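Undergrad: Following this message is one structure expressed as structure tokens.
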Amino acid sequence: MRLVLDTNEYIFAFGPAKADASLKLLENLLEKRHSHIVRLPRTIFNEVKRNLPPEYFLEFIKFINAFTTIDEDSLIPFELGVKYEIRGFKIADAFIAAYAEWVGADALITENRHFLKHNPELPFKVLTADKYLKLIK
38 MRLVLDTNEY
48 IFAFGPAKAD
58 ASLKLLENLL
68 EKRHSHIVRL
78 PRTIFNEVKR
88 NLPPEYFLEF
98 IKFINAFTTI
108 DEDSLIPFEL
118 GVKYEIRGFK
128 IADAFIAAYA
138 EWVGADALIT
148 ENRHFLKHNP
158 ELPFKVLTAD
168 KYLKLIK
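In this note's numbering, the protein residues as written are 38 to 174.
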């Protein structure tokens with residue numbers, strides 16, 4: 038399964054106030070690394086870097102090095118982002134939706150982009166960490 042994890046999943050898993058579902062999600066992905074592909078855009082990497090203290094950010098870096106690489110934002114077709122902006126998405130949300138579509142994600146895992154769940158025409162699912170963990174049981 039090809040996944041995009043939103044910034045909050047990394048912050049909740051690696052930050053000082055750990056969220057159980059986000060932490061379990063990353064543990065599950067590491068355990069089953071051969072059946073999942075996680076894609077990470079530079080924007081999310083930078084947001085995580087801004088929001089995690091250095092000692093926690095180091096754990097995030099170790100995860101990335103073991104599991105994925107960073108895609109540069111400039112690779113994502115501009116037109117794809119515009120498509121979502123025209124549909125009324127805020128710029129940041131349009132970017133994440135465009136990125137998820139561009140990488141062929143099966144799902145975007147997020148705790149705070151709930152409005153995306155109500156958009157039936159997305160080419161990927163929008164799930165919380167908890168819902169994703171229940172789905173793969």
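Beta carbons are placed, not taken as given, at the ideal position from N, Cα and C, and that holds for glycine.
Quick caveat, the model's predicted, so the values are computed rather than measured.
Identify, in the order they occur along the chain, each residue of the same chain with its Cβ nearer than 8 angstroms to the Cβ of Glu-46, setting aside the five sequence neighbours on each side.
TA: The beta carbon of Glu-46 is closer than 8 angstroms to those of Ser-59, Leu-62, Leu-63, Ile-146, Thr-147, Glu-148, Ala-166 in its chain, skipping five residues each way along the sequence.
Undergrad: Assign Lys-55 to one of three DSSP states: helix, strand, or coil.
TA: coil
Undergrad: With 16 other CB atoms within 10 Å as the buried threshold, where does Leu-95 fall?
TA: Leu-95 is exposed by the Cβ-count criterion.
Undergrad: Among the candidates Asp-143, Leu-172, Asn-88, whose CA atom is the shortest distance from the CA of Ala-54?
TA: Asn-88
Undergrad: Determine the DSSP secondary structure at Arg-124, reduced to helix, strand or coil.
TA: Coil, per DSSP.
Undergrad: Which stretch, first to last residue, makes up the alpha helix (DSSP H) that contains Lys-171?
TA: 166–172
Undergrad: Which word fits Phe-194, buried or exposed, when buried means at least 16 other C-beta atoms lie within 10 angstroms of its C-beta?
TA: With the chain running from 38 to 174 in the structure shown, residue 194 is simply not present.
Undergrad: Return the Cβ separation of Arg-79 and Ala-142 in integer angstroms, given the expectation that the two are a contact with Cβ distance under 8 angstroms.
TA: Incorrect: roughly 16 angstroms between the Cβ atoms, too far for contact.
Undergrad: Could you please give me the residues that DSSP links to Leu-195 through a beta bridge?
TA: Residue 195 is absent from the model: the chain starts at 38 and stops at 174.
Undergrad: Helix, strand or coil for Val-119, going by three-state DSSP, please let me know.
TA: Val-119 sits in a helix when the DSSP states are folded into three classes.
Undergrad: Assuming the contact rule is C-beta atoms closer than 8 angstroms, Ala-134 and Lys-162 should be a hit. Round their C-beta distance to whole Å, please.
TA: At roughly 12 angstroms, the Cβ-Cβ gap does not stay under 8 angstroms, so Ala-134 and Lys-162 are not in contact.
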